């Protein structure tokens, strides 16, 4: 297993994430709706909205797996936030970054991951909209576009929350 690097703009990214003031907040239907829809349309058992803090990955919404957070160094999403495109691992057992990951070698036995970064401000990717499967697979171009479109919706919700927080100060 290879731990994810931290982005060059890590301090800025964390400041943006904290200013959204969404970590450790209760379940919200606006985010639950997205993970339900993504899971159903892409036919995956697990879909999540993941926010990557300095030491953990926290799930604002997760469908199909009962966990609220994981260590950042075990997070697929911590790798995904390093880029600006969909991050895909078609078979986790064949990828040295993940083949020894606890979520690969133990239940839920993740074999596939795809995550699109949630970019709030110029490269400040605070997390991802992501999907997991227990079998290796690929996503077609229409499925990738759907994931990206839904990630844009989540990003807009996070930006609206940030603006509301600024307005209320």
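In the numbering used here, the protein residues as written are 25 to 193.
Ideal Cβ positions, reconstructed from N, Cα and C, are used throughout, including at glycine.
Since the structure is predicted, the reported quantities are computational estimates derived from the model, not experimental observations.
Q. Hey, how far is the Cα of residue 56 from the Cα of residue 71?
A. For this step, residue 56 is matched to residue 32 along the chain shown. For this step, residue 71 is matched to residue 47 along the chain shown. Their backbone Cα atoms lie some 10 angstroms apart in a straight line.
Worksheet entry | 8 angstroms contact criterion, which residue 148 and residue 112 should meet: CB distance rounded | Position 124 of the chain shown, counting from 1, holds the residue named residue 148. Position 88 of the chain shown, counting from 1, holds the residue named residue 112. Going by Cβ atoms, the distance from residue 148 to residue 112 rounds to 22 angstroms, so no, they are not a contact pair.
For residue 189, collect the residues of the same chain with a Cβ closer than 6 angstroms to its Cβ; drop the 5 residues on either side in sequence, then sort them by chain order. Taking the chain shown and counting its residues from 1, one reaches residue 189 at position 165. Within the same chain, residue 189 has close Cβ partners 45.
Margin query: Taking the straight line between their C-alpha atoms, what separation do you get for residue 130 and residue 48?
Written below: Here the question's residue 130 lines up with position 106 in the chain shown. Here the question's residue 48 lines up with position 24 in the chain shown. Using only the alpha carbons, I get a separation of about 26 angstroms.
- Query: Okay, do the segment 151–159 and the segment 100–117 touch, 3+ Cβ pairs below 8 angstroms being the bar?
  - Reply: yes
8 angstroms Cβ cutoff met for residue 144 and residue 110: Residue mapping note: residue 144 aligns to position 120 of the chain shown, counting from 1. Residue mapping note: residue 110 aligns to position 86 of the chain shown, counting from 1. Going by C-beta atoms, residue 144 is not nearer than 8 angstroms to residue 110.
Practice prompt. Spatial neighbours of residue 177 within its chain, please: CB distance less than 6 angstroms, with the 5 preceding and 5 following residues excluded, ordered by chain position.
Written response: Taking the first residue of the chain shown as position 1, residue 177 is located at position 153. Closer than 6 angstroms at the Cβ level, and outside the excluded window around residue 177, lies no residue.
Checklist entry - Taking contact to mean at least 3 C-beta pairs separated by less than 8 angstroms, is the segment 30–46 in contact with the segment 70–88? => result yes
In angstroms, rounded to a whole number, what distance separates the CA positions of residue 26 and residue 101?
Against the chain shown, residue 26 aligns to sequence position 2. Against the chain shown, residue 101 aligns to sequence position 77. Residue 26 and residue 101: Cα-Cα distance of roughly 13 angstroms.
If I measure Cβ to Cβ from residue 83 and keep anything under 8 angstroms in the same chain, skipping five residues before and after, which residues do I get?
Residue 83 sits at position 59 when you count from the first residue of the chain shown. So the list reads 72, 73, 74, 75, 91, 92 and 93, once near-sequence residues are dropped.
Checklist entry - Which runs of the beta strand (DSSP E), 3 residues or longer, sit entirely within the segment 106–173? => result 111–113, 136–145 and 148–157
C-alpha gap between residue 123 and residue 68, whole angstroms
Locating residue 123 in the chain shown gives position 99, counting from the first residue. Locating residue 68 in the chain shown gives position 44, counting from the first residue. Their backbone Cα atoms lie some 20 angstroms apart in a straight line.
Consult DSSP for residue 183 and reduce its assignment to one of helix, strand or coil. Mapped onto the chain shown, residue 183 falls at position 159. Helix at residue 183.
_According to DSSP, is residue 44 part of a helix, a strand, or is it coil?_
Translated into positions along the chain shown, residue 44 becomes position 20. Residue 44: helix per DSSP, three-state reduction.
- Query: In the DSSP assignment, what residue or residues form a beta bridge with residue 75?
  - Reply: The count along the chain shown starts at 1 and reaches residue 75 at position 51. According to DSSP, residue 75 bridges with 82 and 151.
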